[in-house]
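Here the structure comes first, spelled out in C-alpha cells, and everything after it is commentary.
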Amino acid sequence: MRKLLIAAVAAFTLNLGAAQANSGTYVPEFKDASWSFEGFFGRYDQKQLRRGYKIYSQVCAACHSLNRVAYRNLSALGFTEDEIKEIAAEKEIRLPYGDAGALLNDDGEFFTRPAIPADKFVPPFANDAAAIDVNGALPPDLSLITKARKGGPHYVYSFLMGFMDEVPEEVMHQKGFVLNEDKNFNIYFPGYYNSMPPQIMDEMVEYEDGTPMTGEQHAKDIVAFLNWAAEPELDHRKSLGLKVMLFLLVLTAMLYALKRKIWANVKH
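Under the numbering used here, read the sequence shown as residues 283 to 550, first letter to last.
Now the structure itself:
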C-alpha cells in the first residue's frame, strides 16, 4: 500500500511539472470571429455554406478528405439533384475488380466507376501512404475537424489565419524553442510548426454573390462549411429543441392549472 501511495505521489508530481512547463507556451487568444450558427437561435447561412464548399472543392480537396460526408448531403446547401449528380460524377471510385474478375483493365489500370450521390466524398489519395509521400505528413480528414479541436470553429479559423513569416518575440524567447526553416510557423498550432503552407489569401476563390473576397471572409466561409460537415443536423436539432421547450412550457402551465383546480376546495 505504501509503495502504491509513493508511486501515485510521484506520478502526480511529474504530471504537475509537465503542466507547469507547458503552461509557459505562448498562445494568443483566438481571433475574433462571429458565426451565424452560434447561440440557441443560431442557424447556418446557406449562402455561406455554398461559398465554403466552393473553397473546399477548389483548394482543400487537393489534400484533405471529407470521408464522413456524402455527395447527396449537398442538398442541404441548396444544390439540386442534377447538380449533385454532376458534382459526384466528376470523381472516380476504384473497383476491386472488373466484370470478368480481372484486377486491371486492358490498359493496365484499375477498374473505376463514376461516383454517385450516395457515395461519400472521394478522397484525393488512394491511401495514407500516398498522401504522406506527396505531402510529407498525413493531411487530416476534415469531416470532424471543428469538433476534434478545442475551441472548435474559433480554433480552426485562428489556425487558418495564424501563419506568420516571422516568429514573434514572445515565442522566440521561450525556453526550448527551436527554429525550423523547413516547416511553416503558425502561432496557434501546437508546437508552432506544421507541414501545410498558408492557404488563405485574398481573392483565392471567386464569389458570384458579391461577398468581399478577402482572406478573412474565405477563412470564415470554409470554417462554416466544415462545421456543417461535422454537425449537419444543427439547424434541425435547434428547431426541435425550441419546439420541445415550448411544449414543456405549455405542459407546465396546464399541470399548474390542473393542480390549482384539484386542490381548490381542499382546506390547508
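We put the beta carbon where it would ideally sit given N, CA and C, even for glycine.
Whole angstroms is fine: what's the gap from A293's alpha carbon to G433's? Residue confidence is low: A293 scores 42 on pLDDT, short of 50, so the model does not pin down where it sits. No coordinate-derived value is stated.
K402 vs E513 beta-carbon contact at 9 Å: no
Compute the beta-carbon to beta-carbon distance between S440 and F312, rounded to the nearest angstrom, for a pair I have assumed lies under 8 Å. Contact between S440 and F312 holds, with the beta-carbon distance rounding to 4 Å and staying under 8 Å.
Where does I544 fall in DSSP's three states? Secondary structure of I544 (DSSP, three-state): helix.
Any chance you could list the beta strand (DSSP E) runs of at least 3 consecutive residues sitting entirely within the region 396-441, in chain order? none
So for R354, helix, strand or coil by DSSP? helix
Below 8 Å on the Cβ atoms is my guess for L508 versus I375; work out the distance and round it to an integer in Å. The pair is not a contact, with the Cβ atoms about 23 Å apart (cut-off 8 Å).
Less than 9 Å between the C-beta atoms of P396 and A413, yes or no? For the pair P396 and A413, the CB atoms are not nearer than the 9 Å cut-off.
According to the Cβ coordinates, are N468 and F445 closer than 9 Å? For N468 and F445, yes; Cβs fall inside 9 Å.
E365: which of R332, L348, H436 and D423 sits nearest, CA to CA? That would be R332, whose Cα lies nearest to the Cα of E365.
List the whole-angstrom C-beta distance separating L359 from A511, where the pair is believed to meet the contact cut-off of C-beta under 8 Å. The pair is not a contact, with the Cβ atoms about 11 Å apart (cut-off 8 Å).
Three or more C-beta pairs below 8 Å linking the region 320-336 and the region 487-507: Touching, per the Cβ criterion.
Can you tell me which of the three DSSP states R284 falls into? Confidence in R284 is poor, its pLDDT being 48 and thus under 50, which makes the residue's placement too unreliable to answer from.
Once DSSP output is grouped into helix, strand and coil, what is the label at R325? Three-state DSSP puts R325 in coil, outside helix and strand.
Is the region 322-331 touching the region 517-537 in the sense that three or more CB pairs, one from each, lie closer than 8 Å? As far as the Cβ criterion goes, the region 517-537 touches the region 322-331, which means the pair count is three or higher.
Where the beta strand (DSSP E) containing I375 begins and where it ends: E374 to R376
Rounded C-alpha distance that separates V309 from M527: 39 Å
With the cut-off set at 9 Å, would you say K329 and T493 are in Cβ contact? yes
Which residues in the same chain have their Cβ closer than 7 Å to the Cβ of Q499, if we skip the five residues on either side of it in sequence? T493
By how many angstroms is the C-alpha of C345 removed from the C-alpha of K367? In a straight line, the C-alpha of K367 is about 23 Å away from that of C345.
From the DSSP output, in three-state form, read off V532 for me. helix
Leaving out five residues on either side along the sequence, give the residues of the same chain with a beta carbon under 8 Å from the beta carbon of K465. Y475, N476 and S477
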